[in-house]
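Enquirer: Under numbering that gives the first Met the number 0, the letters of the sequence shown match residues 0 to 387, in that order.
So that we are looking at the same thing, I have put the structure below in structure tokens.
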Amino acid sequence: MLPAPAAPTLDALLPAELPLLMGVGPTPLPPSVAQANTHLLNHLGPLMNEVVESLQVLARYVFQTENRRVFAVSGPGSAAMEMAVANLAWPGRRVLAVVNGTFSERAAIMAGRAGATVDKLELPAGQGATAPLFAEALSRGPYDLVTMVQGETSCGVCNHALPELARMARAAGAMVLADTVVTLSTMPFQMDEWGIDVAYSAGQKGLACIPGVSLITFSDRAWEQLGRRPLPPAQWVLDAKLAEKFYMGHQYHYTAPTTSLLALHEALRLIVEETLPARHQRHAASSAALQRGLEGLGLELFVAPEHRLSTALAIRTPKGIDAAELCRRIEADHGVQIAGAFGLPIFRIGQLGEQCRPEPVRRTLLALGHTLRALGWDCEPEKVVTQL
Ligand SMILES: *Cc1c(COP(=O)(O)O)cnc(C)c1O
């Protein structure tokens, strides 16, 4: 038998105060969501059925859809992405993937693994897809499915043309997959009005919920196509037809993460209580203030305003400063976490959910300014925050 290892308690492992999460997810939890995450229910039975049905009503508002099929997914945003892609792509299907960065590329990789033939419209770093570029890519079709993100978190780009691109894709006979992981509830998204066939999001970003639980919804049109698959998807856990058994029929598929579903229910309820217009406004105003503050520190945003994602800001790393060192120092010295990047000369700050409040924005700008100064960058953080 192996000897029992030393087993530190969580108190010993964790610092007395956890860092302020100002990266691009996970994001801070409202206290009532953290509280909801402590309840445990059985996954089958009338109590859970009621929770699931109520969750679906709330989620329909958040996605702005009347879709019948709204499911939670036990897993990260990538699991919801895989449920969307693996159920709607199969050998013989043609997929056009709009690629702005790491996450939109991930959908293309999944479609390829599902056996579909995948073409990519690859945008240069920092650019959103435009109608002319998309029309040209679409003309190489016909395609069965177009995948795109509303917001590309890896480089801070927003495909602002999403409604128009979705219309074009549908007119060309393709279904439309929209990744709203970093945008749902934080900026306008109109599933039905824009003609989106499948959309998903994850708990730990704009929904201000825990990581490990996600949401997905399919249009009737997507559901009908999925019913015509020659074979079920290879992924048993992520088979949408099996998920329907639990989320529509209240029958066992796998043990649903009941604690996470209660947390998600509470997170969605808070969004409904705030209302989408007020929540969008809070995010826009907070992000605008943060952007002014960043510019006040002499920093430059990586993405031009017309392509910029306001909920995940990508900031050019100043010359002579190492982004990894900046992220390490700001956390060690100020207890604020921000995010590095996947290979680009940027660092990133989130504006998602509870990050969009005056106090965390102020604290982040002060911490960032003082850290930059310690690394040799000239700026006046106090002055910047008084002018917000
Ligand atoms: C974070 C993110 C994902 C992946 O979510 P995980 O929970 O990390 O799997 C997918 N798409 C976008 C746009 C994201 O921001």
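Glycine residues also receive a C-beta, built at the ideal position from the N, C-alpha and C atoms.
1) Which of the three DSSP states is assigned to residue 372 in this structure?
2) For ligand 2, is there any heavy atom lying closer than 7 Å to the beta carbon of residue 109?
3) Quick check: is any heavy atom of ligand 1 less than 7 Å from the C-beta of residue 44?
4) Taking residue 26 as the reference, which of 354, 373, 384 has the closest Cα?
5) In whole angstroms, what separates the C-alpha of residue 110 from that of residue 89?
6) Output the residue ranges of the beta strand (DSSP E) runs that lie fully inside the region 165-194 and measure 3 residues or longer, sorted by chain position.
7) Ends of the alpha helix (DSSP H) at residue 389?
8) Of all the beta strand (DSSP E) runs that stay within the bounds of the region 294-381, which reach a length of 3 or more residues?
9) In whole angstroms, give me the CA-to-CA distance for residue 227 and residue 92.
10) Under 6 Å Cβ to Cβ from residue 168, same chain only, skipping five residues before and after it: list those, please.
11) Jot down the residue ranges of each uninterrupted alpha helix (DSSP H) in the region 38-106, minimum 4 residues, whole runs only, in chain order.
12) Identify which residue in 327, 231, 23 has its Cα closest to the Cα of residue 155.
13) Between the Cα of residue 57 and those of 177, 263, 205, spot the shortest distance and give me the residue it belongs to.
14) Quick check: the region 59-70 against the region 214-222, are there 3 or more CB pairs under 8 Å?
15) Along the chain, where does the beta strand (DSSP E) containing residue 388 start, and where does it finish?
16) For a test of your reading of the model: does the CB of residue 80 fall under 7 Å from any non-hydrogen atom of ligand 1? Yes or no.
17) Closest by CA to residue 62, which one among 183, 242, 296, 352?
18) Can you give the Cα-Cα distance for residue 74 and residue 239, rounded to whole angstroms?
19) Assign residue 41 to buried or exposed, taking buried as 16 or more other Cβ atoms, counted over all protein chains shown, within 10 Å of its Cβ.
20) First and last residue of the beta strand (DSSP E) that includes residue 116?
21) How many Å lie between residue 277 and residue 267 at the Cα?
22) I'd like the span of the alpha helix (DSSP H) that includes residue 32, first residue to last.
23) Going by the C-beta, is residue 360 closer than 7 Å to any heavy atom of ligand 1?
24) List the whole-angstrom C-beta distance separating residue 172 from residue 141, where the pair is believed to meet the contact cut-off of C-beta under 8 Å.
25) Compare the C-beta of residue 363 with all C-beta atoms of chain D and state if any pair is closer than 8 Å.
26) Would the beta-carbon of residue 98 be found less than 7 Å away from any heavy atom of ligand 1?
27) According to DSSP, residue 0 sits in a beta bridge with which residue or residues?
28) Express the C-alpha separation of residue 106 and residue 118 in angstroms, rounding to a whole number.
29) Short check: CB of residue 389 to CB of residue 87, under 8 Å?
Expert: Let's see:
1) Here residue 372 refers to the residue found at position 373 when the sequence shown is read from its first residue. Helix at residue 372.
2) With respect to small molecules bound, the structure shown includes ligand 1 and not ligand 2.
3) Numbered from its first residue, the sequence shown carries residue 44 at position 45. Because no heavy atom of ligand 1 lies under 7 Å away, the Cβ of residue 44 does not count as near it: no.
4) By one-based count along the sequence shown, residue 26 stands at place 27. Here the closest residue by C-alpha is 354.
5) The residue you call residue 110 lines up with position 111 of the sequence shown. The residue you call residue 89 lines up with position 90 of the sequence shown. If I take the Cα positions, the gap works out to 8 Å.
6) The qualifying runs are 174-178.
7) Within the shown structure, residues of the chain are numbered from 0 to 387, placing residue 389 beyond reach of any answer.
8) The qualifying runs are 311-315, 345-349.
9) If you number the sequence shown from 1, residue 227 lands on position 228. If you number the sequence shown from 1, residue 92 lands on position 93. Their Cα atoms are separated by approximately 12 Å.
10) Working through the sequence shown from its first residue, we reach residue 168 at position 169. Counting only Cβ-Cβ distances below 6 Å, and skipping sequence neighbours, we find 145, 175.
11) You should have 45-62, 76-87.
12) What you label residue 155 is simply residue 156 of the sequence shown in a count that begins at 1. Selected option, being the one with the closest Cα: 23.
13) As a first step, residue 57 is located in the sequence shown; it is residue number 58 there, counting from the start. Ranked by Cα distance from residue 57, the first of 177, 263, 205 is 263.
14) Enough Cβ pairs lie closer than 8 Å, so yes.
15) Any property of residue 388 remains undetermined from this structure, which presents the chain solely from 0 to 387.
16) Position 81 of the sequence shown holds residue 80. Taking the Cβ of residue 80 as the reference point, at least one heavy atom of ligand 1 falls within a distance shorter than 7 Å.
17) Counting from 1 along the sequence shown, the entry for residue 62 is found at position 63. For the residues 183, 242, 296, 352, the minimum Cα distance to residue 62 belongs to 183.
18) As a position in the sequence shown, residue 74 is number 75, starting the count at 1. As a position in the sequence shown, residue 239 is number 240, starting the count at 1. Each residue's Cα considered, the two are about 14 Å apart.
19) On the sequence shown, residue 41 is found 42 positions in, with the first residue counted as 1. Burial call: exposed.
20) If you number the sequence shown from 1, residue 116 lands on position 117. That run of the beta strand (DSSP E) goes 116-121.
21) Taking the sequence shown and counting its residues from 1, the one referred to as residue 277 is at position 278. Taking the sequence shown and counting its residues from 1, the one referred to as residue 267 is at position 268. Answer to the nearest angstrom: the Cα atoms are 14 Å apart.
22) Sequence index remark: in the sequence shown, residue 32 carries index 33 (1-based). Counting along the chain, residue 32 sits inside the alpha helix (DSSP H) bounded by residues 30-35.
23) As a position in the sequence shown, residue 360 is number 361, starting the count at 1. Remark: the C-beta of residue 360 is outside contact range of ligand 1, defined as less than 7 Å to any heavy atom.
24) Working through the sequence shown from its first residue, we reach residue 172 at position 173. Working through the sequence shown from its first residue, we reach residue 141 at position 142. Cβ-Cβ separation between residue 172 and residue 141: approximately 6 Å, consistent with a contact (criterion under 8 Å).
25) Here there is only one protein chain, and chain D is not present.
26) Along the sequence shown, one-based indexing puts residue 98 at 99. Within 7 Å of the C-beta of residue 98 there is not a single heavy atom belonging to ligand 1.
27) Locating residue 0 in the sequence shown gives position 1, where the first residue counts as 1. Residue 0 is not bridged to any residue.
28) Residue 118 sits at position 119 when you count from the first residue of the sequence shown. Residue 106 sits at position 107 when you count from the first residue of the sequence shown. One C-alpha to the other measures close to 12 Å.
29) Here the chain comprises residues numbered 0 to 387, so residue 389 is not present and cannot be evaluated.
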